[in-house]
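Here's the structure, in structure tokens; my notes come after.
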Amino acid sequence: MMADNGSKKENIRDLDKVDAVMEKRVQKIYWLSKRGHETLDDKIKDANKDSDNINNSQTNEDVDVNRSAEEKPSEKESIEMKNVNNIDHVLLRPSPNTETLNKSGCLQVHQNLQVQKVNLYDCAFPHVIIHHGGQLGNKLCQYISLYLLRHIYGIRVSITQTMQESLGPYFKNISLPIQDFKCFTKNTKRIKYDRLYKNLLSKTKENMRKNVSSPNSSLLDDSYYIFHHPCPREVIANYRDLIREVLVFRDDIMQKAKRRVVKALKYLKRSLQDSTLVTVHVRRKDYTRYILKHYNLTQLSQSYFHRAFDYYRRRVNNPVFVVVSDDQPWCRKVLEGKDVVVAGSKKDPIVDLAILSLGNHHIISYGTFSFMGATLGHGKVVHPYSDNKLYDHYNCVDPKIFVPISRDD
Numbered sequence: 001m002m003a004d005n006g007s008k009k010e011n012i013r014d015l016d017k018v019d020a021v022m023e024k025r026v027q028k029i030y031w032l033s034k035r036g037h038e039t040l041d042d043k044i045k046d047a048n049k050d051s052d053n054i055n056n057s058q059t060n061e062d063v064d065v066n067r068s069a070e071e072k073p074s075e076k077e078s079i080e081m082k083n084v085n086n087i088d089h090v091l092l093r094p095s096p097n098t099e100t101l102n103k104s105g106c107l108q109v110h111q112n113l114q115v116q117k118v119n120l121y122d123c124a125f126p127h128v129i130i131h132h133g134g135q136l137g138n139k140l141c142q143y144i145s146l147y148l149l150r151h152i153y154g155i156r157v158s159i160t161q162t163m164q165e166s167l168g169p170y171f172k173n174i175s176l177p178i179q180d181f182k183c184f185t186k187n188t189k190r191i192k193y194d195r196l197y198k199n200l201l202s203k204t205k206e207n208m209r210k211n212v213s214s215p216n217s218s219l220l221d222d223s224y225y226i227f228h229h230p231c232p233r234e235v236i237a238n239y240r241d242l243i244r245e246v247l248v249f250r251d252d253i254m255q256k257a258k259r260r261v262v263k264a265l266k267y268l269k270r271s272l273q274d275s276t277l278v279t280v281h282v283r284r285k286d287y288t289r290y291i292l293k294h295y296n297l298t299q300l301s302q303s304y305f306h307r308a309f310d311y312y313r314r315r316v317n318n319p320v321f322v323v324v325s326d327d328q329p330w331c332r333k334v335l336e337g338k339d340v341v342v343a344g345s346k347k348d349p350i351v352d353l354a355i356l357s358l359g360n361h362h363i364i365s366y367g368t369f370s371f372m373g374a375t376l377g378h379g380k381v382v383h384p385y386s387d388n389k390l391y392d393h394y395n396c397v398d399p400k401i402f403v404p405i406s407r408d409d
């Protein structure tokens, strides 16, 4: 039922009640985890019992979800927007793994490495710089892959001026130093990310065995240039909390994204308080030829997305699916329904990425854009699976968090 102006104070009290219940959920999940519940789904099921009696207001007014993002939101929409990134994110947030799945070929991730970081601006030490190229998803993967080398192994790194110019307008704190040839030599050796990562891990373990830990030593024997487009899912997925702190959207971008999510829910006559937000990325137009050439894959059919919808419908309370896509007409024709709505920005992929990040959970397509949008979000990530051996990007990630759903009809 639509709330009138006289019920404004009551709506605020309702939001306070939701906040109180959410705090109880957080505490209960913590104690459930201490008691040793076997699965995340067990924790969700038990924790959600606390919220069965919450009554939340929602609107019955139909709106155009693609209305200009610059329109001033109503007072009620403003209240909703303040809660976009606050509702239920704790329910399925994964705990950091101490190390990745022990599979052949996977990059191992250890959380307890003892490394002394080298001063980024000490020109006496070697450094690593990374290739800058591709579209937004590639660039984010390149930046965060390099950032994690610094974070995990303490080595000196730098980025190109072009990378700074590409990401700086969208994110608040692109803080890695820009390559200055006076301090970051251009005389570098070409290397692939996986090889460098394994070399650094091996040397770190060796130093730990020898009890070598000095701020005046570096794990690098030379300066290196990572010449390709790395996006090591198994490493990045282990640092989601950190990455959300490193890649913080600028306020204007996040406000546009929140506004679109609120209007999308309003279109479905839903509100954030009574919904579990699942953001969905459908990539079609620009990727068809690429995935066929490199992976012998065709586009994802509607069956994959409907199976992914059903996965969440069976597991979370009142899911609502907010879709962003480069092919909105296709999505409206074959995906939209009573709990599915298209809310992308049409022309601005950075706003779409911000929308993806707002989800409690996610459904992704192929590509780095999908992956990074979900990485910046929370909870579980459904991704397409097949027996195709060429596309193996998710073989090393935790399947309890990155959930494989068959792409085949």
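Residue 119 in the UniProt record's numbering sits at position 119 of the sequence shown, with consecutive numbering throughout.
From the three backbone atoms N, C-alpha and C, an ideal C-beta is built for every residue, glycine too.
Query, Result
"8 Å contact criterion, which G359 and V278 should meet: CB distance rounded", "6 Å"
"Stretch pair the stretch 162-171 + the stretch 387-401: three plus CB contacts closer than 8 Å", "no"
"Beta-carbon gap between S145 and Y193 smaller than 8 Å", "yes"
"Reduced DSSP secondary structure (H/G/I, E/B, other) of S403", "Here residue 403 turns out to be Val, not Ser, going by the sequence shown. Strand at V403."
"Given 8 Å, three or more beta-carbon pairs between the stretch 282-302 and the stretch 365-372", "yes"
"Beta carbon of P230 nearer than 8 Å to that of Q142", "yes"
"Exposed unless 16 or more other CB atoms sit within 10 angstroms - verdict on K49", "With a pLDDT of only 39 at K49, under the threshold of 50, the placement of this residue in the model should not be trusted, and no figure is reported."
"Separation of I130 from I155, as counted between CA atoms", "13 Å"
"Exposure label - R209; buried when at least 16 CB within 10 Å", "exposed"
"L120 versus M372 - alpha carbon distance", "26 Å"
"Every unbroken alpha helix (DSSP H) within the stretch 264-307, with a cutoff of 4 residues, ordered by chain", "288-295"
"Proximity below 8 Å, CB of V324 to CB of A343", "yes"
"Minimum C-alpha distance to V118 - residue among R314, H151, I405, L201", "H151"
"N-terminal and C-terminal residue of the alpha helix (DSSP H) that K189 is part of", "Per DSSP, K189 belongs to no alpha helix (DSSP H); it is in the beta strand (DSSP E), 189-191."
"Given 8 Å, three or more beta-carbon pairs between the stretch 173-192 and the stretch 256-273", "no"
"As assigned by DSSP and simplified to three states, the class of I236", "helix"
"Euclidean distance between Cα positions of Y287 and L390", "16 Å"
"Same chain, Cβ closer than 7 Å to G133, neighbours up to 5 away in sequence not counted", "H229"
"G36 versus K380 - alpha carbon distance", "Low local confidence applies: a pLDDT of 36 at G36 is under 50, so the model's placement there is unreliable, and no value is given."
"First through last residue of the beta strand (DSSP E) which encompasses P384", "381-385"
"Identity of the residue in L176, L353, V115, R270 nearest Y318 by Cα", "For clarity, residue 318 is Asn in the given sequence; the question names Tyr instead. Nearest option by C-alpha distance: R270."
"Collapsed DSSP secondary structure at S365 in the structure displayed", "coil"
"Cβ shell of N296 (< 8 Å), same chain only, five flanking positions each side left out", "N388, L390"
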